[in-house]
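Trainee: Chains as they are written, first to last, in my numbering: chain A, 6 to 262; chain B, 220 to 441. Don't be surprised by glycine CBs; every beta carbon is placed ideally from N, CA and C. Keep in mind that this is a model prediction, so the values were computed, not measured. I am attaching a structure below and will ask some questions about it afterwards.
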């Protein structure tokens, strides 16, 4: 298969950048999108040009590192997949393919197609964890969890933090990511203890980093490679409102020597 | 977090205020539609005028008029605020148009809202400002005679056209708005969400369609 590629090239964070057109030929329909880019990069290296920089790690759809905005869709045209699991058979022979980095003020471009997603790490640092060690594996059924909660928690925990939700959102909102992280802990007894603090701190961190507001277009749900549902966003809104309105004041202890 | 961001209302709180104000307006629209449909009664405007008189004098309604204006202002102010924040959150835009499979109407809530707002301004000039005496009523019509004022307006094809377009966009706005408001205040449930979405669309069709029947009725039967 042959393709015309229009790829965003940007030397560094301060460079203005722009689309550059490349042609690749004799690509196997069974090669992945990254293997096709590898072929392109070999061509560029042979010509002494700077190869295209892009993020990738596991190449098996579980790490959340890959992040390409392909023909107007994060991770390309295939539903429920990451870019690394996208194959060239999903495109027409001779097709022109636009490849861009995630676009969001909170995800600045580092080089070419690589963006800095440490904003997500900051949100996790604000509360996306259980503070105390929850111990070894308990005997089965010592901590009962309703089946629907266990399922919903597991589905939310499938989030790999790739940022496709932010990339697809017309408002660059991070609500699907944050709500998945809030939900998977809030639904389980071990995460319940800190649920009120967690949701308030994580939402505050999200707001402070410059992500947009959710306007319920559900583009995030349509593009999420792990098919995280927007029911998590409603759950987070519920958790947030309940915490803001009904959480008891925490006792402040001041020490003086 | 620096102090400027800490003072900012949280994104969820802003959205919930917008949703609650919007749901209040959703209830108001039903009342307004009910009264407007009295225009269709073939009684020379007696029923409509009586309803307008009640709305204009009942003390509870008078208080709620202030609440209503507050609801509109809150909904619009927060709508504009979150829309500007949303635009600012993506300073460099994509070269390729987004192709994500979403309801197209949900992406243009700000735009449909602006069209409804423009209609609202016209509506204020045509009725409310005349009622409170800011604008002189057209010759031969008393400031409180909403019935004959409506007959004059709907006899004008241009006005009826603007009216129909405005309510078409209000319908688009409502179709997304009602179910989105439920989602925002956290009322998403695996059993009921489909029904809420269908209800939202039905509400939009009934309310926007109900208002749009009126100019058609005047064009066809009067």
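Cβ atoms of residue 207 (chain A) and residue 231 (chain A): under 8 angstroms apart, would you say?
Mentor: Position 226 of the first chain, counting from 1, holds the residue named residue 231 (chain A). Position 202 of the first chain, counting from 1, holds the residue named residue 207 (chain A). The answer is no: Cβ separation not under 8 angstroms.
Trainee: I want to verify the contact list: residues of chain B whose CB lies under 8 angstroms from the CB of residue 227 (chain A), in sequence order.
Mentor: To locate residue 227 (chain A), count along the first chain from 1; it is residue 222. Under the 8 angstroms cutoff, chain B gives 319, 320, 321.
Trainee: Does the structure place the region 398-410 of chain B close enough to the region 232-242 of chain A that three or more beta carbon pairs sit under 8 angstroms?
Mentor: Verdict: yes, contact present.
Trainee: Could you give the first and the last residue of the continuous beta strand (DSSP E) run that contains residue 96 (chain A)?
Mentor: Taking the first chain and counting its residues from 1, the one referred to as residue 96 (chain A) is at position 91. Per DSSP, residue 96 (chain A) belongs to no beta strand (DSSP E) and is neither H nor E.
Trainee: Looking at the secondary structure, which residues open and close the alpha helix (DSSP H) in which residue 255 (chain B) lies?
Mentor: The sequence position of residue 255 (chain B) within the second chain is 36, counting from 1. Its alpha helix (DSSP H) spans residues 230-256.
Trainee: Can you find the residues in the same chain that come closer than 7 angstroms, C-beta to C-beta, to residue 150 (chain A), ignoring five residues on each side of it along the sequence?
Mentor: Here residue 150 (chain A) is taken as the residue at index 145 of the first chain, counted from 1. Around residue 150 (chain A): 193, 194.
Trainee: CA-CA distance, residue 249 (chain B) and residue 241 (chain B)?
Mentor: To locate residue 249 (chain B), count along the second chain from 1; it is residue 30. To locate residue 241 (chain B), count along the second chain from 1; it is residue 22. Those two C-alpha atoms are separated by around 13 angstroms.
Trainee: Could you give the distance in angstroms between the alpha-carbon of residue 168 (chain A) and the alpha-carbon of residue 122 (chain A)?
Mentor: In the first chain, counting from the first residue as 1, residue 168 (chain A) sits at position 163. In the first chain, counting from the first residue as 1, residue 122 (chain A) sits at position 117. Answer to the nearest angstrom: the Cα atoms are 8 angstroms apart.
Trainee: Quick check on the DSSP output: the beta strand (DSSP E) that includes residue 32 (chain A) runs from which residue to which?
Mentor: Within the first chain, numbered from 1, the residue matching residue 32 (chain A) stands at position 27. Element bounds for residue 32 (chain A): n/a, residue is neither H nor E.
Trainee: How big is the Cα-Cα spacing for residue 218 (chain A) and residue 352 (chain B)?
Mentor: In the first chain, counting from the first residue as 1, residue 218 (chain A) sits at position 213. In the second chain, counting from the first residue as 1, residue 352 (chain B) sits at position 133. So the alpha carbons of these two residues sit roughly 41 angstroms apart.
Trainee: Excluding the 5 residues flanking residue 162 (chain A) on each side, which residues of the same chain have their C-beta closer than 7 angstroms to its C-beta?
Mentor: Along the first chain, one-based indexing puts residue 162 (chain A) at 157. Around residue 162 (chain A): 189.
Trainee: Could you name the residues of chain B that residue 232 (chain A) contacts, counting a contact when the two beta carbons are closer than 9 angstroms?
Mentor: Stepping through the first chain from its first residue, residue 232 (chain A) is reached at position 227. Correct list: empty, because the minimum Cβ distance to chain B is about 13 angstroms.
Trainee: To be precise: take each residue of the region 60-71 of chain A, compare its Cβ to all Cβ atoms of chain B, and keep it if any distance is under 8 angstroms. Which residues remain?
Mentor: Within the region 60-71 of chain A, no residue qualifies.
Trainee: Find the nearest neighbour of residue 6 (chain A) within the set A:158, A:92, A:212, judged by alpha-carbon distance.
Mentor: Residue numbering aside, residue 6 (chain A) sits at position 1 when the first chain is read from its first letter. The candidate whose alpha carbon is nearest that of residue 6 (chain A) is A:92.
Trainee: Taking the DSSP output, what are the residues bridged to residue 119 (chain A)?
Mentor: Here residue 119 (chain A) refers to the residue found at position 114 when the first chain is read from its first residue. In the DSSP output, where bridge partners are listed per residue, residue 119 (chain A) has A:116.
Trainee: Does DSSP put residue 21 (chain A) in a helix, a strand or coil?
Mentor: Taking the first chain and counting its residues from 1, one reaches residue 21 (chain A) at position 16. Three-state DSSP puts residue 21 (chain A) in coil, outside helix and strand.
Trainee: So with Cβ pairs under 8 angstroms, would you call residue 235 (chain B) a contact of chain A?
Mentor: For the purposes of this step, residue 235 (chain B) is taken as the residue at position 16 of the second chain. Judged by the 8 angstroms Cβ criterion, residue 235 (chain B) is in contact with chain A.
Trainee: Output the distance between the C-alpha atoms of residue 277 (chain B) and residue 244 (chain B), rounded to the nearest integer angstrom.
Mentor: Translated into the one-based positions of the second chain, residue 277 (chain B) becomes position 58. Translated into the one-based positions of the second chain, residue 244 (chain B) becomes position 25. Their backbone Cα atoms lie some 19 angstroms apart in a straight line.
Trainee: Could you spell out the range, first to last residue, of the alpha helix (DSSP H) harbouring residue 284 (chain B)?
Mentor: As a working mapping, residue 284 (chain B) is identified with position 65 in the second chain. Taken as a continuous stretch (DSSP letters only), the alpha helix (DSSP H) holding residue 284 (chain B) covers 278-307.
Trainee: Quick check: what's the CA-CA separation for residue 426 (chain B) versus residue 249 (chain A)?
Mentor: Position 207 of the second chain holds residue 426 (chain B). Position 244 of the first chain holds residue 249 (chain A). The straight-line gap from Cα to Cα measures roughly 35 angstroms.
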